[in-house]
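Enquirer: Let me begin by handing over the structure; questions about it come next.
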Amino acid sequence: MSPADLLRRLLWVIPTLFGVAVIVFVLLRVVPGDPVAMMIPPGASMADVDNLRALYGLDRPIVVQFGAWLADVARGNFGTSISLRQNVMKLVLGRLPATLELCLCAIVLAVTLGLLLGVAAVHWRRRWPETVVDGFAGLGIAIPDFLWGLLFILVLGVLWPVLPVSGRIDPRIAFEPATQFYAVEALFTGRFDVLGELLAHMLLPAAALALPLAASLARVVKASLAEAMNQDYVMLVRAKGYSRARIIWRVALRNALIPAVTLTGVQFTFLVGGTVLIETIFSYPGIGNLAIAAVMQRDLPLIQGLVLTFAVLFIAINLAVDATYALLDPRVGAP
Amino acid sequence: MSPVLAIRDLHLEIDAQPILRSVALSIAAGEICGLVGESGAGKTMVGRVLLGLQPENARVSAAEVRFEGRDLRGLSARAREQMLGRDIALIPQNPMTALNPVARIEPQMTDVLRMHLGLGRAAARERAIGLLEDVRIREPGRVLRQFPHELSGGMRQRILIAIAFACRPRLIVADEPTTALDVTVQKQILRLLKELQTAYATAILFITHDLGVVAKLCDTVSVMQGGRIVEAASAAMLFASPAHAYTRALLASTPRHDRPGDSLKPIPTALTAQLRSEAAALPGPVPGARAW
Amino acid sequence: MNARNRARFGGAFLLLLAVLAIAAPLIAPHDPLEQDLLSTFRPPVWMEHGSAMFLLGTDSLGRDVLSRLIFGARAAITVAVVAAVLAGLLGTALGLLAGFFGGRIDTAISRLVEIWMAFPPVLLSIVLAAVLGAGLHTVVIAIVVIDWTRFCRVIRAEVLVQKSRDYVASALTIGLGPVAILRSEIAPNVAPLFVTLLSLEMGIAIVVEAVLSFAGLSVANDTATWGSMIQEGRQFVRQAWWLMALPMACIIVSVLATQALGDGVRELADPLMRRSKR
């Protein structure tokens, strides 16, 4: 991608975000049902409702409300959470690091697993590893992260309890981090006991998030690698005396990576979206968990802030993926 | 003198379909042996079998495949990998697709030098520059840093030739090395190939469908048809007095610069029948010939 | 399994599920809502303390799990069929419009899809369900609103491919109108793709129902759905793991069946429609 392309893509972010903001707003205000009715606890009086309405400016015309909200958002002010009585921005930023660490863990797991399985299927073509990989890919793609999460809890948390299935860290551990990036901090302050503990808590939720992506990655890597193995340039390196492993790792894989990167990019957003459920299932304190709680509490400002946060994450990931092509394929952006 | 390469009774079939039948070839050191035939005759497959690059589902057997006296049948994958690129090299058919598109030229040239000759990075680079100079590429230092898509087809074919000669192999399989190039570039490439071949006394198995090229370049010629070799002779003999009817037909179907005005003749149908009956009379794989 | 058998397996299982759903009152051994507080948390019959009265055991209120699963198939099939068909029709219509007419219509629809894709789908469906209130119709609406983009994107891409084919070009030259071309040339080629997507969407719909139940947003408590059974079972997973495992198994097998059907149809249609066989 040339710098001009990148700039154009960056500029497109603004209208896309604006569209997202409009839809979030419309969804919560215009769809049948009164947002205040969503917010009030059962048994509130009419006066309470009117007070609340005035408090959140909901008695003003919808366009005015939208304008006011947008102006606030542009200034980084997402309002105050109704249920937690805290600044939405602060709440979201406090929880975001936990989610980012979980997503990072999941993506590393997915890419490693997907790559290794895809390569193994090609390396041992027409032997049992290929069958195993095909079976794994079929299951992994069909079963969504939500069900994997429940399955892990059932099997590895209850029937054969080997790993923790709740929370981010054991509260009994003495660890007073300065930031919310627990794992990063533990790594840099040399607290490897804490890091191990964090990873143990992250393993099952991360695996649940990672499996569908790992499965489709394995399938794509296998297909594109097998195709690359039939190319003329592979014939030449075979004639140069490369071993099969060397051909795969040094030559074919790099050519096969482009579809894999595309897929990872597209699916990474699904993975991040999946945190909403997975964090709730595993009581993991990230923004996904917060989002479900916000919906259940009918916490309008918090929901809006979180949906926008996710949208920004999604858009950022897509941009990063596009930028990665240029690194992988020298022909992209060449005349 | 014993030949660099000797093949006897080479059979190859894919899905019970015979592709090569009783192929025999002998190439002396420093000699260019042309392997001609129409497309589909199996010439490319002969080259691939030699390099052990036949398709995975191909079944191969031979009474003899000897390279410098060494039996290539049943060679372990490791031993073959050590030999390929060092003793036997390939010049591939299509220079546009034969180089790894995502790697620079340098690693694609130095890999053989480092793998087979154990050169270090700097020494290999120096040697690669020398090789590029040998194939008349200007600014070799710059070319090494470029990607294949930044170079012309003729340049890429020169690079591929340089790669093939990199380890001074005794045998090069050149698989239609000029077919994909412009006519003017073709001539330069062939001249270059001949020059290097003479300088290093390398034997070449030159696979082509172009009899004109064979006449100019080759010492001996084998004519292939339907997966078998119908005639093998010295180039001079073959063009002066072709023995087999198919060779005569092939020669007649080729335009001749020395006899302008001659009309081209298609291969006569009567000949096809003869070829079929000859092929049917060919023996199958020799019992006891070792499977590859 | 080859494509034909996979399609058969998937189709047969879904058919069985449909029969169970329709004939649920006839097949289920108990009333799914009937509580028996004297026999709660009964394990399935093959486990210790299991009883033939309750083949798959009972839940925390002593309700028969097997009967609830059978009635749960009703909700699952209803949601799956209605939501998938509606999402499919909406998405396909927009995809055909965008792909066939191109230009501004295409730009508008594609841009809309892009904005839609910037939302986390799960969160969006949960927010929608929260706004609309609990109920199966909510589940259906949430799925349609979110998943029409799947159909739209794929169908648009396919129409673009078809449009570039010679037979469409020749249909244009002999003066067929857009409707005639859509009907005679494009629709038959897009149809297998639609069936595949529809089948996959049914699996997704079943999962979305479970997800919304999980967030407490699917249906009122007096209807048995697989999702609500999972959600209830989750609270007792350490006492009675099968309460969660059994409805999960139902969902997983159903999802695999829709996948098998979808994949099978695609593979069967593929060599005829598009790529030549490898």
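Protein chains in written order, with the working numbering: chain C, 1 to 335; chain F, 336 to 627; chain W, 628 to 905.
Even glycine gets a Cβ: it sits at the ideal position worked out from N, Cα and C.
Here's the rule I'm using: 16 or more other beta-carbon atoms within 10 Å means buried, otherwise exposed. How should C:F146 be labelled?
Expert: buried
Enquirer: Buried or exposed, going by whether 16 or more other CB atoms sit within 10 Å of the CB of W:I801?
Expert: Result: exposed.
Enquirer: Any chance the segment 208-225 of chain C sits against the segment 383-402 of chain F, with 3 or more Cβ pairs inside 8 Å?
Expert: no
Enquirer: Would W:Q662 count as contacting chain C if we go by Cβ distances under 8 Å?
Expert: no
Enquirer: Tell me, please, whether the CB atom of F:R477 is closer than 8 Å to any CB atom in chain C?
Expert: Answer no: the Cβ-Cβ gap between F:R477 and chain C never drops below 8 Å.
Enquirer: Using 8 Å as the threshold, is the C-beta distance between F:L340 and F:A567 below it?
Expert: no
Enquirer: Distance, Cα to Cα, C:L290 vs C:F78?
Expert: 15 Å
Enquirer: Roughly how many angstroms separate the alpha carbons of F:V358 and F:R477, rounded to a whole number?
Expert: 44 Å
Enquirer: Could you give the first and the last residue of the continuous alpha helix (DSSP H) run that contains W:C779?
Expert: L763 to K790
Enquirer: In chain order, what residues of the same chain lie with their CB nearer than 6 Å to the CB of C:W12, ignoring the 5 residues before and after it?
Expert: Counting only Cβ-Cβ distances below 6 Å, and skipping sequence neighbours, we find nothing.
Enquirer: Considering only residues of the same chain and omitting the five flanking positions on each side of F:K529, which have a CB-CB separation below 7 Å?
Expert: L552
Enquirer: Quick one: list the residues of chain C neighbouring F:P470, beta-carbon separation under 9 Å, in chain order.
Expert: Reading the sequence as shown, one finds Val at residue 470 of chain F and not Pro. In chain order: nothing, as chain C lies at least about 16 Å away.
Enquirer: Nearest to W:L647 by CA position, among W:F698, W:R865 and W:V709, is which residue?
Expert: W:F698
Enquirer: Assuming W:R865 contacts C:V158 (C-beta within less than 8 Å), just tell me the rounded distance between them.
Expert: 6 Å
Enquirer: Per DSSP, what are the beta-bridge partners of F:C368 in this structure?
Expert: According to DSSP, F:C368 shares a beta bridge with F:L540 and F:T555.
Enquirer: Is DSSP giving W:T823 helix, strand or coil here?
Expert: helix
Enquirer: Are F:M431 and F:A499 closer than 8 Å when you measure CB to CB?
Expert: no
Enquirer: Grab the span of the beta strand (DSSP E) containing F:I426 for me, first residue to last.
Expert: In the DSSP assignment, F:I426 falls within the beta strand (DSSP E) that extends over I423 to I426.
Enquirer: Considering only residues of the same chain and omitting the five flanking positions on each side of F:G623, which have a CB-CB separation below 7 Å?
Expert: Unreliable positioning characterises F:G623 in this predicted model, as indicated by a pLDDT of 49, which lies under 50. A coordinate reading is not provided.
Enquirer: How many Å lie between C:E339 and W:L665 at the Cα?
Expert: No answer is possible for residue 339 of chain C: the residues shown for chain C start at 1 and end at 335.
Enquirer: Just list the beta strand (DSSP E) runs in the segment 406-447 of chain F, keeping only unbroken ones of 3 residues or longer that don't cross its boundaries, in chain order.
Expert: 423-426
Enquirer: Using a Cβ-Cβ cutoff of less than 6 Å, which residues in the same chain neighbour W:A711 once the five nearest sequence positions on both sides are dropped?
Expert: L825, E828, M829 and A832
Enquirer: Leaving out five residues on either side along the sequence, give the residues of the same chain with a beta carbon under 8 Å from the beta carbon of F:R439.
Expert: L479, R480, Q481 and F482
Enquirer: By Cβ distance below 6 Å, which residues in the same chain neighbour C:W148 in space, the five residues on each side in sequence not counted?
Expert: A208 and L211
Enquirer: Grab the span of the beta strand (DSSP E) containing F:L347 for me, first residue to last.
Expert: L340 to I349
Enquirer: Compute the distance between the beta-carbons of C:C103 and C:L308, then report whether it is under 8 Å.
Expert: no
Enquirer: Which residues, in chain order, does the segment 737-755 of chain W contribute to contact with chain C at a C-beta distance below 9 Å?
Expert: R738, L739, E741, I742, W743, M744, A745, F746, P747, P748, V749, L750, L751, I753, V754 and L755
Enquirer: Measuring only between beta-carbons, confirm whether F:M444 sits less than 8 Å from chain C.
Expert: no
Enquirer: Under 8 Å between C-beta atoms, does C:A142 make it to chain W?
Expert: Answer yes: the Cβ-Cβ gap between C:A142 and chain W drops below 8 Å somewhere.
Enquirer: Have a look at C:V295 and W:V758 and give me their C-alpha separation to the nearest angstrom.
Expert: 9 Å
Enquirer: Whole angstroms are fine: how far does the CA of C:R172 sit from the CA of C:A226?
Expert: 50 Å
Enquirer: Within the segment 558-589 of chain F, note down every full alpha helix (DSSP H) run reaching 4 residues or more, in order along the chain.
Expert: 570-575 and 580-587
Enquirer: For the segment 847-876 of chain W, which residues have a beta carbon sitting closer than 8 Å to at least one beta carbon of chain C?
Expert: In summary, the residues of the segment 847-876 of chain W whose CB is separated from some CB of chain C by less than 8 Å are I857, R861, V864, R865, W868, M871, A872 and M875, in the order they occur in the chain.
Enquirer: Could you check where the alpha helix (DSSP H) with F:R356 kicks off and where it finishes?
Expert: In the DSSP assignment, F:R356 falls outside any alpha helix (DSSP H) and lies within the beta strand (DSSP E) extending over Q352 to I362.
Enquirer: For the alpha helix (DSSP H) that W:D849 lies in, which residues bound it at each end?
Expert: Careful: W:D849 lies outside any alpha helix (DSSP H) and carries neither H nor E.
Enquirer: DSSP three-state call for F:V400: helix, strand or coil?
Expert: strand
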